[in-house]
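S.K.: This structure is in structure tokens; I'll ask about it shortly.
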Amino acid sequence: MTATNRMSRRRPWPALLVTLVALFGVGACASGTDAVAQGGTFDFVAPGGQTDIFYDPPSERGQLGPLSGPDLMTDGVTVDLADYTGQVVVLNLWGQWCAPCRSEADDLERAYEATRDLGVQFLGINVRDPQRNKAQDFVVDNQVSYPSIYDPPMRTLTALGGSFPTSVIPSTLVLDRQHRVAAVFLRALLTEDLQPVIERVAAEQ
1184 MTATNRMSRR RPWPALLVTL VALFGVGACA SGTDAVAQGG TFDFVAPGGQ TDIFYDPPSE
1244 RGQLGPLSGP DLMTDGVTVD LADYTGQVVV LNLWGQWCAP CRSEADDLER AYEATRDLGV
1304 QFLGINVRDP QRNKAQDFVV DNQVSYPSIY DPPMRTLTAL GGSFPTSVIP STLVLDRQHR
1364 VAAVFLRALL TEDLQPVIER VAAEQ
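The working numbering applies: residue 1184 is where the sequence shown begins, and numbers increase by one.
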């Protein structure tokens, strides 16, 4: 597998780095209502600490493990990556406490609106937000129209491979129609960063 770096215009601040100091707590918080995920074949590779990583050719891309969890906005509803079979899926890891997440929210929404008719679905993963109502307010205030999994202990990230840098929020992954990882961005994004990548992946045969 090869990973190539393509630089694009960045925001004036880097992606917020969050040190995970409570790994024990992640396991201790597991319950039937927590997000659930298991590892797949995806093996994260970022040569030289790059923040924009592309995995090609498609035949050599790794696939995420099963990924599901409670819907942030609706009690009793489960959101599952498997619900989007055959669609390009854009996963965005975010928290309402994260300034770059707030900054990129409108850019992600524009990219979603521009590509959804191509068979593209966005799915947020809300992390490290113990107060659910604050995360819900973020969605409403930023007019985010796509769903998010509510996952304070970040259990879903086990589906992203053991070496995925869980300390970087926001992060965005673009999955192809077979839900293999085509691209990873370890930083806040602009619409013009993300939309061309989504369109390229959506056009793959």
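All C-beta atoms, glycine included, are put in the ideal place defined by N, C-alpha and C.
I need the DSSP call for L1373, collapsed to helix, strand or coil.
M.R.: The answer is coil: DSSP assigns L1373 none of H, G, I, E or B.
S.K.: Which runs of the beta strand (DSSP E), 3 residues or longer, sit entirely within the region 1244 to 1332?
M.R.: Whole beta strand (DSSP E) segments, 3+ residues: 1250 to 1253, 1261 to 1263, 1271 to 1277, 1303 to 1310.
S.K.: Alpha carbon to alpha carbon, how far is G1307 from W1277?
M.R.: The straight-line gap from Cα to Cα measures roughly 7 Å.
S.K.: Given a cut-off of 8 Å on the beta-carbon distance, is the pair L1369 and S1354 in contact?
M.R.: Cβ atoms of L1369 and S1354: closer than 8 Å.
S.K.: Looking at C-alpha atoms only, which residue of Y1295, K1317, V1351 is the closest neighbour of G1232?
M.R.: The option with the nearest alpha carbon to G1232 is V1351.
S.K.: Could you have a look at A1220 and say whether DSSP puts it in helix, strand or coil?
M.R.: The predicted position of A1220 is uncertain, since its pLDDT is 49 and thus under 50; a value taken from the coordinates is nonetheless stated next. Of the three classes helix, strand and coil, the one that applies to A1220 here is strand, per DSSP.
S.K.: Which residue's Cα is closest to the Cα of A1294: A1365, D1254, G1245, V1357?
M.R.: Minimum Cα distance to A1294 is reached at V1357.
S.K.: Thinking L1255 and N1309 are a contact (beta carbons under 8 Å), I'd like their distance in whole angstroms, please.
M.R.: Sure, about 5 Å apart at Cβ, within 8 Å.
S.K.: Can you find the residues in the same chain that come closer than 8 Å, C-beta to C-beta, to V1327, ignoring five residues on each side of it along the sequence?
M.R.: A1288, L1291, E1292, G1307, F1321, listed in sequence order.
S.K.: Could you tell me whether the Cβ atoms of P1283 and A1366 are closer together than 8 Å?
M.R.: No; because the gap between Cβ atoms is not below 8 Å, this pair is not in contact.
S.K.: Please check the pair G1248 and V1262, which I expect to be a contact at CB under 8 Å, by giving their CB distance rounded to whole angstroms.
M.R.: Contact doesn't hold; Cβ gap of about 15 Å is too wide.
S.K.: So what does DSSP say about R1363, is it helix, strand or coil?
M.R.: R1363: strand per DSSP, three-state reduction.
S.K.: Suppose you measure from the CA of D1266 to the CA of I1332; what does that come to, to the nearest Å?
M.R.: Going from the Cα of D1266 to the Cα of I1332 covers about 13 Å.
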